[in-house]
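J.:
Protein chains: 2
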Amino acid sequence: MSDESQELGITESKSHKPGEWYAEVVQKAGLADYAPMGGFIVTKPRGYALWERIQESLDGWFKQTGVDNVYFPMFIPESFLEREKDIVEGFDPEVAWVTQGGHDELEERLAVRPTSESIIAPFMADWTRSHRDLPLRLNQWCSVVRWEATETKPFFRTKEFMWQEGHTAHATDESAWEEVWTRLSQYERVYEEVLAIPVLRGKKPDHDKFPGADTTTTVEALMPDGKSVQGGTSHHLGQSFAEAFDITFVDEDERDRTAYTTSWGLSWRALGALVMTHSDDQGLVLPPTIAPTQVVIVPIWQEDTKDEVLEYSRSIADELETAGVRVELDDRDERNPGFKFNEHELNGVPLRLEIGPYEVEDEEVTLVHRPDNEESVEKREEIVDAVDTHLETIYDKLYETAAENLASNIREAESPEEIMGTIGKHGGYVKVPWCGDPACEEAIKEKVSAEIVMQPLEDQGGTTAGVPKAPDDEDATCAVCGEPADQLAYFAKSY
Amino acid sequence: MSDESQELGITESKSHKPGEWYAEVVQKAGLADYAPMGGFIVTKPRGYALWERIQESLDGWFKQTGVDNVYFPMFIPESFLEREKDIVEGFDPEVAWVTQGGHDELEERLAVRPTSESIIAPFMADWTRSHRDLPLRLNQWCSVVRWEATETKPFFRTKEFMWQEGHTAHATDESAWEEVWTRLSQYERVYEEVLAIPVLRGKKPDHDKFPGADTTTTVEALMPDGKSVQGGTSHHLGQSFAEAFDITFVDEDERDRTAYTTSWGLSWRALGALVMTHSDDQGLVLPPTIAPTQVVIVPIWQEDTKDEVLEYSRSIADELETAGVRVELDDRDERNPGFKFNEHELNGVPLRLEIGPYEVEDEEVTLVHRPDNEESVEKREEIVDAVDTHLETIYDKLYETAAENLASNIREAESPEEIMGTIGKHGGYVKVPWCGDPACEEAIKEKVSAEIVMQPLEDQGGTTAGVPKAPDDEDATCAVCGEPADQLAYFAKSY
Chain A
156 MSDESQELGI TESKSHKPGE WYAEVVQKAG LADYAPMGGF IVTKPRGYAL WERIQESLDG
216 WFKQTGVDNV YFPMFIPESF LEREKDIVEG FDPEVAWVTQ GGHDELEERL AVRPTSESII
276 APFMADWTRS HRDLPLRLNQ WCSVVRWEAT ETKPFFRTKE FMWQEGHTAH ATDESAWEEV
336 WTRLSQYERV YEEVLAIPVL RGKKPDHDKF PGADTTTTVE ALMPDGKSVQ GGTSHHLGQS
396 FAEAFDITFV DEDERDRTAY TTSWGLSWRA LGALVMTHSD DQGLVLPPTI APTQVVIVPI
456 WQEDTKDEVL EYSRSIADEL ETAGVRVELD DRDERNPGFK FNEHELNGVP LRLEIGPYEV
516 EDEEVTLVHR PDNEESVEKR EEIVDAVDTH LETIYDKLYE TAAENLASNI REAESPEEIM
576 GTIGKHGGYV KVPWCGDPAC EEAIKEKVSA EIVMQPLEDQ GGTTAGVPKA PDDEDATCAV
636 CGEPADQLAY FAKSY
Chain B
156 MSDESQELGI TESKSHKPGE WYAEVVQKAG LADYAPMGGF IVTKPRGYAL WERIQESLDG
216 WFKQTGVDNV YFPMFIPESF LEREKDIVEG FDPEVAWVTQ GGHDELEERL AVRPTSESII
276 APFMADWTRS HRDLPLRLNQ WCSVVRWEAT ETKPFFRTKE FMWQEGHTAH ATDESAWEEV
336 WTRLSQYERV YEEVLAIPVL RGKKPDHDKF PGADTTTTVE ALMPDGKSVQ GGTSHHLGQS
396 FAEAFDITFV DEDERDRTAY TTSWGLSWRA LGALVMTHSD DQGLVLPPTI APTQVVIVPI
456 WQEDTKDEVL EYSRSIADEL ETAGVRVELD DRDERNPGFK FNEHELNGVP LRLEIGPYEV
516 EDEEVTLVHR PDNEESVEKR EEIVDAVDTH LETIYDKLYE TAAENLASNI REAESPEEIM
576 GTIGKHGGYV KVPWCGDPAC EEAIKEKVSA EIVMQPLEDQ GGTTAGVPKA PDDEDATCAV
636 CGEPADQLAY FAKSY
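Right under this line is the structure:
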């Protein structure tokens with residue numbers, strides 16, 4: 156990044172032009188650049204570091220809950236993709252095809268994986284002989300390609316994106332459901348505990364499921380611009396893939412049985428939601444949990460105080476580093492403190508420590524929170540505990556702001572006009588009784604491009620797993636068509 | 156893996172049929188399977204866990220030495236690949252091409268990256284303005300594709316392989332050389348400290364450099380079958396990429412200058428070398444440093460002693476786990492101890508603890524080393540320290556065996572007949588004075604398919620960096636053509 160662009164800072168406003176503002180923050184804070192091919196991005200060091208922290212958390216939780224990492228080829232022969240009809244119908248229009256290897260035409264086209272069920276399932280079939288081999292839980296961290304002809308939006312809409320995809324096989328439907336909830340809960344936890352973003356849990360309407368799935372469950376996050384982001388999905392695939400790829404096993408009574416499978420994925424879209432949720436017109440805002448640099452120390456000196464200020468600053472940096480804080484001492488000579496403040500704000504450092512001759516003299520430190528500039532003075536000798544407490548406070552403030560945005564943007568409606576009016580005026584979620592007919596969703600979608608992004612669930616684990624929650628009122632009628640409604644649905648615009 | 160195949164064990168012999176033996180170990184120890192498309196493999200949980208440990212070590216060292224992780228697109232537009240002529244000539248014959256996206260033909264073919272210089276260099280140019288931006292050090296963990304029409308050999312020869320690729324830019328030639336050595340030393344360290352494999356450091360002969368490089372440095376490992384494995388390469392790219400992609404900067408005196416670049420990579424071939432070096436006719440052998448399970452506890456009970464044996468075993472497993480040992484208690488009812496011994500040998504668990512009623516009574520534990528079955532008895536109360544010591548001993552034994560194999564297989568020769576005779580009889584390295592003419596290598600290669608795999612270097616850091624070491628004898632003559640020889644070369648067959 157050139158010095159010029161940093162000096163310019165963010166020129167667009169989040170509230171007036173959220174799309175342009177987002178693109179500017181992503182680039183100027185050094186998260187990503189646009190690649191020369193439309194639809195592709197380059198993930199820069201600060202952007203990739205965020206993805207690594209998400210990986211670290213999720214991967215640890217996966218391993219604690221019985222998941223093994225693997226790596227399957229990035230290509231899938233066309234004939235394999237065709238073995239599960241919903242997959243081929245769902246993904247064929249957006250597959251990138253390798254047709255030439257070296258100077259030769261290939262006999263069979265190879266799909267660059269859009270998702271890997273079709274190449275993983277045959278191996279799950281191979282590896283599953285007995286009930287003792289189940290559950291079989293595999294995951295891979297990789298990128299996938301979906302050739303969608305839409306405008307590039309870093310992390311939200313790119314032809315290649317990074318994700319993890321988990322694939323599991325189970326002896327019983329119940330065990331598969333448990334898996335679905337375990338992974339959805341881990342996705343929820345990433346948002347709530349790492350990204351400071353509250354989410355809603357539920358299922359996608361049946362007509363919007365993952366191709367081949369029985370049920371697609373989702374965590375949804377509400378952005379400040381009133382749109383919903385699908386934060387991660389966990390699919391109960393029933394027996395459709397097991398039947399298509401012959402994933403069978405011998406049970407305890409020596410009977411041949413067909414397995415149940417699940418798949419679940421979280422992509423770098425989580426980074427998009429992170430940027431969109433917390434950042435502001437000064438640039439990136441990051442919760443301390445995920446910030447590559449949690450604390451920056453900016454020493455403020457004149458020539459005659461330089462040595463003592465720097466020495467004092469260094470001792471604090473050392474002490475914080477020893478305590479495990481990700482701290483940076485910005486002692487650059489060629490930049491003044493004001494420039495440094497702006498730059499670290501732009502880059503989303505959560506806590507700034509300002510140290511000048513007065514702080515040295517009084518054995519104190521001045522602390523400034525990002526993004527609200529809340530300022531405190533703490534004693535030098537208590538700096539480690541103080542920093543810990545301030546970092547927690549910063550996290551809590553970010554979470555609460557997001558939680559208030561969510562809580563105040565779930566509204567109810569009783570007619571199509573009211574749904575559309577509410578979406579148009581406020582954005583956010585509109586919770587309605589729904590009859591279940593996709594046509595009722597379509598009627599709304601055509602007019603205000605809002606759709607049903609989520610349906611809350613009756614139960615998460617028992618025999619009614621996957622059944623959408625019913626309206627409180629037994630005589631409820633669909634907010635769109637007026638027919639009897641046995642389920643709730645959340646309309647929203649979405650990313 | 157089915158029980159049947161485990162019961163069979165390894166049927167081929169390492170000394171008689173190393174190729175077949177290798178393929179069998181890789182599959183039966185659960186490291187990898189063959190994918191349906193020739194040239195591709197599926198990396199299974201135990202194989203991927205090994206790769207993760209290599210990643211963990213290297214990635215930590217990279218980060219300690221100023222490298223940032225990034226992610227660039229997996230596709231490179233054909234016109235970008237063509238910007239550096241050596242790259243396009245070197246890789247064009249083995250590029251996989253994406254020509255269709257969804258249902259449309261692409262206007263420009265996209266190469267699935269065979270290596271990423273051509274897509275990374277233009278961004279390095281963008282991000283490098285001032286000398287303050289240098290050195291710029293980027294790395295990515297990903298897979299690459301090279302469409303070579305050879306027989307698949309898991310980890311050694313596959314069309315898609317996993318690796319890391321580092322790309323750096325520097326203000327001076329000297330700084331670039333430092334980088335080259337830093338990375339080569341880290342590769343050496345992976346082999347010596349993680350994989351228990353000693354390596355030789357040197358350069359590739361000029362006619363065998365990476366396309367576009369000034370110098371390609373390498374670490375080479377000698378396999379027990381007498382062939383050399385290129386273990387990792389670190390390239391000084393001089394200014395060829397900087398010139399082709401315009402990586403320039405303003406120096407301290409405000410002059411425009413061209414940068415120097417390097418690139419360096421280590422692939423999952425390291426896993427191939429690992430398996431090949433230590434494993435035996437009972438299956439996989441792993442150094443404790445990399446073994447996913449370092450210690451397996453096999454309890455041996457009769458019905459009347461089962462409870463006490465299991466209780467004692469569990470307490471030891473808990474204590475070892477608390478101490479940070481990767482331990483597994485194999486308390487399966489359905490398998491007898493003999494079966495378990497074989498299975499854990501096949502899977503390469505370095506240390507087996509056997510616990511029966513006698514051990515319980517005497518408050519002892521029996522320890523058995525993989526692969527030499529060395530057996531010891533240790534006191535229960537000292538088990539944690541004892542296990543640590545035994546794991547270190549096991550590592551040392553593996554390393555020493557490999558080091559002896561290396562030391563006793565570097566031979567000298569003074570004529571083409573002697574080179575070929577030595578290669579034919581012993582394999583290993585043949586060290587000779589060489590005039591530098593590729594024709595002299597070709598003459599040997601044609602007859603015994605051995606080539607110059609490495610040239611030791613005069614110096615590693617100073618102004619003679621990259622200059623091959625001269626023979627001790629100033630009047631030395633080339634072992635092939637008899638002309639004056641100013642450099643040393645190591646011939647070997649290679650993977």
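Residue numbers (the numbering used here), protein chains in the order written: chain A, 156 to 650; chain B, 156 to 650.
No residue lacks a Cβ here, since even glycine has one placed at the ideal position from N, Cα and C.
Being a predicted model, the structure only gives us computed values, none of them experimental.
Nearest-angstrom Cα distance between Val267/B and Ala251/B?
T.: Val267/B and Ala251/B: Cα-Cα distance of roughly 6 Å.
J.: Relative to the C-alpha of Asp406/A, which candidate in Gly576/A, Glu466/A, Leu289/A, Val300/A has its C-alpha closest?
T.: When only C-alpha atoms are compared, the closest one is Leu289/A.
J.: At 3 residues or longer, what runs of the beta strand (DSSP E) sit wholly inside the region 293-332 of chain B?
T.: The qualifying runs are 315-325.
J.: Start and end of the beta strand (DSSP E) containing Trp423/B?
T.: Premise fails: Trp423/B is in no beta strand (DSSP E) and is neither H nor E.
J.: Does the CB of Gln182/A have a neighbour CB from chain B at under 8 Å?
T.: Chain B contact via Cβ: absent.
J.: Leaving out five residues on either side along the sequence, give the residues of the same chain with a beta carbon under 6 Å from the beta carbon of Arg264/B.
T.: Hits under 6 Å: Glu233, Trp252, Thr254.
J.: Going along chain A in order, which residues have a C-beta closer than 7 Å to the C-beta of Ser298/B?
T.: Chain A residues near Ser298/B: Met229.
J.: How far does the beta strand (DSSP E) with Ala376/B in it reach, from first residue to last?
T.: Element bounds for Ala376/B: 370-377.
J.: Checking the sheet assignment: what are the DSSP bridge partners for Ala647/B?
T.: Answer is Glu606/B.
J.: Rounded to the nearest angstrom, what separates Thr313/B and Gly256/A at their Cα positions?
T.: Looking at the two C-alpha atoms, the distance is approximately 13 Å.
J.: DSSP beta-bridge partners for Trp589/A?
T.: Partner(s): Gln642/A.
J.: Just verifying my parser: in three-state terms, what is the DSSP assignment at Thr477/A?
T.: The answer is helix: DSSP assigns Thr477/A an H, G or I state.
J.: How far does the alpha helix (DSSP H) with Tyr177/B in it reach, from first residue to last?
T.: Element bounds for Tyr177/B: 173-183.
J.: Could you please give the first and the last residue of the uninterrupted alpha helix (DSSP H) stretch that includes Ile456/A?
T.: According to the sequence provided, residue 456/A is Trp. The question's Ile does not apply to it. It is not in any alpha helix (DSSP H) - Trp456/A carries neither H nor E in the DSSP assignment.
J.: Could you give the C-beta distance for Thr521/B and Val504/B, rounded to a whole number, given that I count them as a contact under 8 Å?
T.: Rounded, the Cβ-Cβ distance is 15 Å, inconsistent with contact.
J.: Terminal residues of the continuous beta strand (DSSP E) containing Asp630/A?
T.: No beta strand (DSSP E) contains Asp630/A, which DSSP labels as neither H nor E.
J.: For Asn502/B, would you say it is in contact with chain A, using Cβ-to-Cβ distances shorter than 8 Å as the test?
T.: For Asn502/B, the answer is no, since every Cβ of chain A falls outside 8 Å of its Cβ.
J.: Hey, out of Leu439/A, Ala276/A, Ala331/A, whose CA is closest to Lys169/A's CA?
T.: Checked all of Leu439/A, Ala276/A, Ala331/A; the closest Cα to Lys169/A is Leu439/A.
J.: Using the beta-carbon of each residue, which ones in chain B are nearer than 8 Å to Pro200/A?
T.: Chain B residues near Pro200/A: Asp223, Asn224, Val225, Leu293.
J.: To the nearest angstrom, how far is it from the Cα of Ala368/B to the Cα of Glu597/B?
T.: So the two alpha carbons sit approximately 21 Å from each other.
J.: Is the number of C-beta pairs between the region 443-461 of chain A and the region 482-497 of chain A that are closer than 8 Å three or more?
T.: Yes, the region 443-461 of chain A touches the region 482-497 of chain A.
J.: Would you say Ala178/A faces chain B, with C-beta separation under 8 Å as the test?
T.: So, not an interface residue.
J.: Are any of the Cβ atoms in chain A nearer than 8 Å to that of Trp302/B?
T.: With 8 Å as the cut-off, Trp302/B counts as an interface residue toward chain A.
J.: For Lys534/B versus Glu519/B, is the C-beta distance shorter than 8 Å?
T.: Yes; because the gap between Cβ atoms is below 8 Å, this pair is in contact.
J.: Check the Cβ-Cβ distances between Gln255/B and every residue of chain A, and say whether any is below 8 Å.
T.: At least one chain A Cβ lies under 8 Å of Gln255/B.
J.: Say whether chain A places a C-beta atom closer than 8 Å to the C-beta of Tyr203/B.
T.: It does; some Cβ of chain A falls within 8 Å.
J.: Give the single residue among Glu613/B, Glu572/B, Gly221/B, Glu249/B whose Cα lies nearest to the Cα of Leu293/B.
T.: Looking at the Cα atoms, Gly221/B is the closest of the given residues.
J.: Contact between the region 541-551 of chain A and the region 560-570 of chain A: three or more CB pairs below 8 Å?
T.: Touching, no, given that fewer than three Cβ pairs across the two stretches are closer than 8 Å.
J.: Alpha carbon to alpha carbon, how far is Pro588/B from Lys600/B? Give it in angstroms, no decimals.
T.: So the alpha carbons of these two residues sit roughly 16 Å apart.
J.: Looking only at its own chain, which residues have a Cβ that is under 6 Å from the Cβ of Trp456/B, when we skip the five neighbours before and after it?
T.: Cβ within range, chain order: Val464.
J.: Can at least three beta-carbon pairs, one atom from the region 277-286 of chain B and one from the region 359-379 of chain B, be found at a separation below 8 Å?
T.: Taking 8 Å as the limit for Cβ pairs, the verdict is that the region 359-379 of chain B does not touch the region 277-286 of chain B.
J.: Anything in chain B within Cβ reach of Pro232/A, meaning under 8 Å, just list it in chain order.
T.: Going along chain B in sequence order, the residues near Pro232/A (Cβ under 8 Å) are Pro191, Met192.
J.: Touching or not, the region 304-321 of chain A and the region 421-429 of chain A, by the rule of three or more beta carbon pairs under 8 Å?
T.: Judged by Cβ distances under 8 Å, the region 304-321 of chain A makes contact with the region 421-429 of chain A, as three or more pairs qualify.
J.: Given 8 Å as the limit, is there contact between the region 189-203 of chain A and the region 223-237 of chain B, that is, 3 or more CB pairs closer than that?
T.: Yes, the region 189-203 of chain A touches the region 223-237 of chain B.
J.: I'd like the span of the beta strand (DSSP E) that includes Ser434/A, first residue to last.
T.: Segment: none, Ser434/A is in no beta strand (DSSP E) and carries neither H nor E.
J.: List, in chain order, every chain A residue whose beta-carbon is nearer than 8 Å to that of Trp252/B.
T.: Simply Val253, Thr254, Gln255, Gly256.
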